[in-house]
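Read the structure below first, then the notes.
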């Protein structure tokens with residue numbers, strides 16, 4: 037259900053930026069460190085962990101940092117190259133992990149594309165969004181909004197780009213459709229969910245525990261949670277949107293016609309750009325046709341470049 041790494045994509049310099057505000061005290065870039073390095077990217081608010089400095093395939097140094105945002109953990113990749121671009125703002129790429137995954141997906145499922153984006157000067161972030169399977173519950177929504185406030189507190193965001201795998205799509209599309217993200221530009225769905233009602237109808241017993249506090253507040257009425265479903269947003273919510281979908285036509289877990297392709301159809305009349313690439317999941321791969329193929333990472337990079 038998670039993609040593996042794919043071959044490199046050519047670099048483009050349009051993704052430039054920097055973190056201002058909290059990071060304004062940066063000093064000149066250092067060589068890669070053998071221990072956690074604070075000389076380039078200083079200690080962040082809520083920081084809980086920092087790796088040794090990482091260096092990408094093309095020699096770009098970056099810090100992999102975990103922070104606690106109101107109790108929700110998030111991992112950030114911050115390139116050292118932010119230093120000379122403090123006045124221009126920073127492109128931020130928001131990653132939404134699959135159901136059953138966590139914020140650490142930035143260093144696994146998302147590491148290859150995240151490092152390519154770091155090479156292009158972007159900051160990447162993957163919050164936990166309330167846990168492995170919080171979907172669009174009030175817990176997940178609160179974690180998303182807290183993460184947005186945190187990133188805004190770091191400095192000016194020049195553009196937000198979004199990528200979701202599998203179950204991460206429900207929160208991503210809800211956030212994008214509500215225009216919660218700063219300077220949002222476009223989103224990429226990789227075999228990703230969209231319509232929470234479709235999921236709940238097919239497997240209500242699975243989703244009721246996740247939404248238990250929300251259901252209690254709504255008097256037990258699942259359909260009172262419609263505002264937490266991106267598929268219930270008015271068509272006008274997608275005005276000016278840029279959406280790219282990769283979906284398997286034989287996916288029985290996240291049926292394309294109920295999720296990615298349904299979003300494309302809904303948004304197309306008012307969006308700035310929508311596109312899709314469908315595929316057939318090979319036999320013996322994934323679960324009931326649900327699969328994120330290798331090529332989506334390169335396709336995402338190419339798509340994001342075209343939006344900038």
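Numbering (the numbering used here), first residue to last: 37 to 344.
Glycine included, C-beta positions come from ideal geometry on N, C-alpha and C.
Exercise for the section: Sort out for me which residues DSSP pairs residue 316 with in a bridge. Expected result: Within the chain shown, numbered from 1, the residue matching residue 316 stands at position 280. Its beta-bridge partners do not exist; DSSP assigns none.
Problem - Integer-rounded CB distance, given that residue 195 should sit under 8 Å from residue 344 - result: Locating residue 344 in the chain shown gives position 308, counting from the first residue. Locating residue 195 in the chain shown gives position 159, counting from the first residue. Correct: roughly 7 Å between the Cβ atoms.
Exercise for the section: Can you tell me the Cβ-Cβ gap for residue 228 and residue 296, rounded? I've got them flagged as a contact below 8 Å. Expected result: Reading the chain shown from its first residue, position 192 is the one you call residue 228. Reading the chain shown from its first residue, position 260 is the one you call residue 296. So it is a contact: roughly 6 Å between Cβ atoms.
Practice task
Below 8 Å CB to CB, which residues in the same chain sit around residue 278 once its five sequence neighbours on both sides are set aside?
Solution key: One-based indexing of the chain shown puts residue 278 at position 242. Closer than 8 Å at the Cβ level, and outside the excluded window around residue 278, lie 221, 222, 223, 307, 308, 309, 310, 343.
Handout entry: Distance between residue 107 and residue 252 (C-alpha atoms, nearest Å)
Key = On the chain shown, residue 252 is found 216 positions in, with the first residue counted as 1. On the chain shown, residue 107 is found 71 positions in, with the first residue counted as 1. The straight-line gap from Cα to Cα measures roughly 23 Å.
Problem - Three-way DSSP call (helix, strand, coil) for residue 128 in this model - result: The sequence position of residue 128 within the chain shown is 92, counting from 1. DSSP places residue 128 in strand when its eight states are reduced to three.
Exercise for the section: Take residue 303 and list the residues in its own chain whose beta-carbon comes closer than 7 Å to its own, dropping the five residues that flank it on each side. Expected result: Here residue 303 corresponds to residue number 267 of the chain shown, with the count starting at 1. Excluding sequence neighbours, residue 303 sits near 274, 277, 279, 310.
Exercise for the section: For the segment 321-336 and the segment 280-295, state whether three or more C-beta atom pairs, one from each stretch, are separated by less than 8 Å. Expected result: The answer is yes - the segment 280-295 touches the segment 321-336, with three or more Cβ pairs under 8 Å.
Handout entry: residue 237 burial status per 10 Å Cβ neighbour count (16 or more: buried)
Key = One-based indexing of the chain shown puts residue 237 at position 201. It is exposed - the Cβ of residue 237 has fewer than 16 other Cβ atoms within 10 Å.
Practice task
Check whether the Cβ atoms of residue 169 and residue 246 sit closer than 9 Å, and answer yes or no.
Solution key: Here residue 169 refers to the residue found at position 133 of the chain shown. Here residue 246 refers to the residue found at position 210 of the chain shown. Yes.
Handout entry: residue 232 versus residue 272 - alpha carbon distance
Key = Along the chain shown, read from residue 1 onward, the residue named residue 232 stands at position 196. Along the chain shown, read from residue 1 onward, the residue named residue 272 stands at position 236. Residue 232 and residue 272: Cα-Cα distance of roughly 19 Å.
Exercise for the section: Can you give me the Cβ contacts of residue 162 inside the same chain, cut-off strictly under 7 Å, excluding the 5 residues immediately before and after it? Expected result: Translated into positions along the chain shown, residue 162 becomes position 126. The beta carbon of residue 162 lies closer than 7 Å to those of 110, 111, 131, 133, 139, 141, 142, 146 in the same chain, with the five residues before and after it left out.
Practice task
With DSSP collapsed to three states, give me the class of residue 98.
Solution key: Translated into positions along the chain shown, residue 98 becomes position 62. Residue state, collapsed to three classes: strand.
Handout entry: residue 244 versus residue 318: straight-line alpha-carbon distance, rounded
Key = The count along the chain shown starts at 1 and reaches residue 244 at position 208. The count along the chain shown starts at 1 and reaches residue 318 at position 282. Those two C-alpha atoms are separated by around 32 Å.
Handout entry: Status (buried if at least 16 other CB within 10 Å, exposed otherwise) for residue 288
Key = Residue numbering aside, residue 288 sits at position 252 when the chain shown is read from its first letter. For residue 288, the number of other beta carbons within 10 angstroms of its own is below 16, and it is reported as exposed.
Practice task
Using the Cα positions of residue 215 and residue 294, report the straight-line distance between them to the nearest angstrom.
Solution key: Mapped onto the chain shown, residue 215 falls at position 179. Mapped onto the chain shown, residue 294 falls at position 258. The C-alpha of residue 294 is placed about 22 Å away from the C-alpha of residue 215.
Problem - For residue 182 and residue 191, the rounded distance between their alpha carbons - result: For the purposes of this step, residue 191 is identified with residue 155 of the chain shown, where counting begins at 1. For the purposes of this step, residue 182 is identified with residue 146 of the chain shown, where counting begins at 1. Rounded to whole angstroms, residue 191 to residue 182 spans 15 Å at the Cα level.
Practice task
Measuring alpha carbon to alpha carbon, tell me which of 102, 323, 136, 77 ends up nearest residue 118.
Solution key: The sequence position of residue 118 within the chain shown is 82, counting from 1. The residue from 102, 323, 136, 77 with its alpha-carbon nearest to that of residue 118 is 77.
Handout entry: Selection from 83, 218, 265, 269 that minimises the alpha carbon distance to residue 129
Key = Taking the first residue of the chain shown as 1, we reach residue 129 at position 93. By alpha-carbon distance to residue 129, the top candidate from 83, 218, 265, 269 is 218.
Problem - Span of the beta strand (DSSP E), counted from its first residue to its last, around residue 108 - result: Stepping through the chain shown from its first residue, residue 108 is reached at position 72. 108-115 is the extent of the beta strand (DSSP E) around residue 108.
Practice task
Using a threshold of 9 Å, state whether the C-beta atoms of residue 212 and residue 235 are closer than that.
Solution key: Reading the chain shown from its first residue, position 176 is the one you call residue 212. Reading the chain shown from its first residue, position 199 is the one you call residue 235. Going by C-beta atoms, residue 212 is not nearer than 9 Å to residue 235.
Problem - Continuous alpha helix (DSSP H) assignments of at least 4 residues falling wholly in the segment 215-264 - result: Runs of alpha helix (DSSP H) with 4 or more residues, each lying fully within the segment 215-264, are found at 232-238, 240-243, 248-253, listed in chain order.
Exercise for the section: Taking all protein chains shown into account, decide if residue 329 is buried (16 or more other Cβ within 10 angstroms of its Cβ) or exposed. Expected result: Counted from its first residue, the chain shown places residue 329 at position 293. Buried: at least 16 other Cβ atoms inside 10 Å.
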